[in-house]
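> Under full-length UniProt numbering, the sequence shown has 175 at position 175, and the numbering climbs by one with no breaks. Where is the CB? At the ideal position from N, CA and C, for every residue including glycine. These numbers come from a predicted model, not from an experiment. Shown below is the structure under consideration.
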Amino acid sequence: MSTSTPTADPCSPRRPSPPTHVLETALQVQDVVASTKFYKDLLGIEPDLNTPRMSTFPLGNTTLLLFQLNATADDSVLPESRGTIPGHGPSDDILALLNQTQTTETGSSPAFLKQHFCLAVPSRADVETWERYMAATGVHITGTVDWPRGGRSVYFADLDGNVGEVGSRGIWAHY
1 MSTSTPTADP CSPRRPSPPT HVLETALQVQ DVVASTKFYK DLLGIEPDLN
51 TPRMSTFPLG NTTLLLFQLN ATADDSVLPE SRGTIPGHGP SDDILALLNQ
101 TQTTETGSSP AFLKQHFCLA VPSRADVETW ERYMAATGVH ITGTVDWPRG
151 GRSVYFADLD GNVGEVGSRG IWAHY
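Okay, structure coming up:
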């Protein structure tokens, strides 16, 4: 019976180092102008890029991207043979649903993707400050959570029904 350790196949590719963080978070929005104003007012920062196709907000090591719905569906070929950004966003069937109004028991409302993202702040006190600020400025707060590790979150809805979260340390083992 052999007790030797198996050796790696020399033909197998070597796994790269793990990523350090999420560089971009993208939200598809119905009206990039209105959504840019919403996030500019909420976050108190100017977008790095602001075009009819998209806006970008720098957030520490991450960039929040707001894409005009259906403006990123096709591939974007970059000049000078720098490459191609593959088309992304909802498929045509999902896009059709998002572009129609749904009739519900409480009236008509648009369909939403309800994409989720969390903005990190250091402490519970910071989350509570954000909660008071959002309430005072008319941002729709959809929930709060006190986490078992001691963290706190406040959830809010943006203009497109996306589920934003402001969360403190103590939500996850790594934060």
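Quickly, what does DSSP pair Y39 with across the bridge? List them, please.
In the sequence shown, residue 39 corresponds to position 39, counting from 1. Bridge partners of Y39: none, in fact.
> In whole angstroms, what separates the C-alpha of D146 from that of S153?
Sequence index remark: in the sequence shown, residue 146 carries index 146 (1-based). Sequence index remark: in the sequence shown, residue 153 carries index 153 (1-based). Approximately 7 Å, taken between the alpha carbons.
> Which of the three DSSP states, helix, strand or coil, is assigned to T129?
Looking up residue 129 in the sequence shown gives position 129. Three-state result, T129: helix.
> What three-state label does DSSP hand V77 in the structure shown?
The sequence position of residue 77 within the sequence shown is 77, counting from 1. Reduced to three states, the DSSP call for V77 is strand.
> With a cut-off of 8 Å, do at least 3 Cβ pairs link the stretch 124-138 to the stretch 148-167?
yes
> In the DSSP output, which residue or residues are listed as bridge partners for P58?
Taking the sequence shown and counting its residues from 1, one reaches residue 58 at position 58. P58 is bridged to T63.
> Using a 10 Å radius around the Cβ and a threshold of 16 neighbouring Cβ atoms, would you call D158 buried or exposed?
Along the sequence shown, read from residue 1 onward, the residue named residue 158 stands at position 158. With 16 or more Cβ atoms within 10 Å of its Cβ, D158 is classed as buried.
> Following the continuous beta strand (DSSP E) through A26, name the residue where it begins and the one where it ends.
On the sequence shown, position 26 is the one that residue 26 refers to. Per DSSP, A26 belongs to the beta strand (DSSP E) from 24-29.
> Quick one: using the 10 Å Cβ neighbour count with 16 as the cut-off for buried, is S55 buried or exposed?
Here residue 55 refers to the residue found at position 55 of the sequence shown. Counting Cβ neighbours within 10 Å, S55 comes out buried, since at least 16 surround it.
> Going by C-alpha distance, which of R14, H21, P10, T25 is nearest V163?
Residue 163 sits at position 163 when you count from the first residue of the sequence shown. Of the listed residues, the one whose Cα sits closest to V163 is T25.
> Please report how far the alpha carbon of P148 lies from the alpha carbon of Y175, in whole angstroms.
Counting from 1 along the sequence shown, the entry for residue 148 is found at position 148. Counting from 1 along the sequence shown, the entry for residue 175 is found at position 175. Cα to Cα, P148 sits roughly 13 Å from Y175.
> According to the neighbour-count rule (16 or more other Cβ atoms, all chains shown, within 10 Å of its Cβ), is H33 buried or exposed?
Within the sequence shown, residue 33 is the residue found at index 33, counting from 1. A quick correction: the sequence has Val, not His, at residue 33. Exposed is the call here.
> Going by alpha carbons, who is nearest to A136 out of L23, P10, L42, S168?
Taking the first residue of the sequence shown as 1, we reach residue 136 at position 136. Measuring from the Cα of A136, the nearest candidate turns out to be L42.
> With a Cβ-Cβ cutoff of 8 Å, do G167 and A125 count as a contact?
On the sequence shown, residue 167 is found 167 positions in, with the first residue counted as 1. On the sequence shown, residue 125 is found 125 positions in, with the first residue counted as 1. No, these two residues do not count as a Cβ contact at 8 Å.
> Could you spell out where the beta strand (DSSP E) holding A120 opens and where it closes?
Within the sequence shown, residue 120 is the residue found at index 120, counting from 1. From DSSP, the beta strand (DSSP E) with A120 extends over 116-120.
> State yes or no: is the C-beta of T72 within less than 8 Å of the C-beta of G89?
Within the sequence shown, the letter at position 72 stands for residue 72. Within the sequence shown, the letter at position 89 stands for residue 89. Their beta carbons are under 8 Å apart, which means T72 touches G89 by this criterion.
> Excluding sequence positions up to five away, which residues of its chain have a Cβ less than 7 Å from the Cβ of I171?
The residue you call residue 171 lines up with position 171 of the sequence shown. So the list reads W147, R149, G151, S153, once near-sequence residues are dropped.
> Of all the options D31, D48, P122, which has the alpha carbon lying nearest to the alpha carbon of F67?
Counted from its first residue, the sequence shown places residue 67 at position 67. When only C-alpha atoms are compared, the closest one is D31.
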